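Everything in the sequence shown is counted per this note's numbering, starting at 144 for the first residue and increasing by one.
Everything below concerns the one structure shown next.
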Amino acid sequence: MTFRLIIALAALLLAGAARAADRIPVVATFSVIGDMLANIGGDRIDIKTIVGAGGDCELYQPTAADVATVSSARAVFLNDLNEEFEPWLEPLLKQALFKGTKIVVTRGVRTLTAEEEHPVSGRQLPTAIDQHAWLDPRNGVIYVRNIAAALARLDPAGAADYRAHAAAYAEQIKA
144 MTFRLIIALA ALLLAGAARA ADRIPVVATF SVIGDMLANI GGDRIDIKTI VGAGGDCELY
204 QPTAADVATV SSARAVFLND LNEEFEPWLE PLLKQALFKG TKIVVTRGVR TLTAEEEHPV
264 SGRQLPTAID QHAWLDPRNG VIYVRNIAAA LARLDPAGAA DYRAHAAAYA EQIKA
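This is the structure:
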């Protein structure tokens, strides 16, 4: 009886390890995107988040562990609304020799803008200032749709799951 229990537990552990190895390694630049990825990707992806909950994306300093995490990722999901929000990202990707896909989750969002003087020409240029665009539920839904579409491109076999999870998550955001 004990031997059978040990064999059964070993089989479960091996199956879990094999399933974990099948997961797509992805990186979220910060916790909001990480949470969205978890809700949409479920157990099909292995998510690492660089700037955790309570962290400050604008002041963050990447670590050696971040370099290793990024170097093994198939995709990095980022906000990219303004260069002040994730200023450390491009140097990190370069240092990690990142060869995966950069996914900008903010494609199509509407942001608040302000006029800003160009440092060389002196002309007034519109600039995005709403780097926290996910706080508007309409934009949050756009983030979700962009994430689901990107995951479906990375993992076509899971496309139906991603679409279903995204639809359910979008309904929660709208509620």
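Backbone N, C-alpha and C define an ideal beta-carbon position, used for all residues, glycine too.
These figures come from a predicted structure and were not determined experimentally.
Check: Put phenylalanine 220 into one of helix, strand or coil per three-state DSSP.; Outcome: strand
Check: Below 8 Å, how does it come out for the region 231-240 and the region 273-293: are there three or more Cβ pairs, yes or no?; Outcome: no
Check: Is glycine 197 buried or exposed, if buried means 16 or more other CB atoms sit within 10 Å of its CB?; Outcome: exposed
Check: Could you have a look at threonine 254 and say whether DSSP puts it in helix, strand or coil?; Outcome: coil
Check: Just the C-alpha distance for valine 210 and cysteine 200, rounded to the nearest angstrom, thanks.; Outcome: 16 Å
Check: Would you mind sorting glutamine 204 into buried or exposed? The rule is 16 or more other CB atoms within 10 Å of its CB.; Outcome: exposed
Check: Which runs of the beta strand (DSSP E) at least 3 residues long sit entirely within the region 165-195? Give them in chain order.; Outcome: 167-173 and 188-194
Check: On the three-state DSSP scale, how would you describe lysine 245?; Outcome: strand
Check: At the level of alpha carbons, what is the spacing between lysine 317 and glycine 243?; Outcome: 32 Å
Check: Measure the alpha-carbon distance for alanine 171 versus alanine 295 and round it to whole angstroms.; Outcome: 16 Å
Check: CA-CA distance, alanine 160 and arginine 166?; Outcome: With a pLDDT of 44 at alanine 160, under the threshold of 50, the modelled position of that residue is not reliable, and the figure given next carries that caveat. Straight-line Cα distance between these residues: approximately 10 Å.
Check: Between the C-alpha atoms of alanine 158 and glutamate 229, what's the straight-line distance to the nearest angstrom?; Outcome: With a pLDDT of 47 at alanine 158, under the threshold of 50, the predicted position of this residue should be treated as unreliable, and no value is reported.
Check: Closer than 8 Å is the cut-off here; do at least three beta carbon pairs connect the region 172-186 with the region 304-316?; Outcome: yes
Check: Verify whether the separation of the beta carbon atoms of isoleucine 246 and phenylalanine 220 is less than 7 Å.; Outcome: yes
Check: Nearest chain C C-beta to valine 248 closer than 7 Å, yes or no?; Outcome: You won't find chain C in this structure, because it holds only one protein chain.
Check: Looking at the structure shown, is asparagine 225 part of a helix, part of a strand, or coil, going by DSSP?; Outcome: coil
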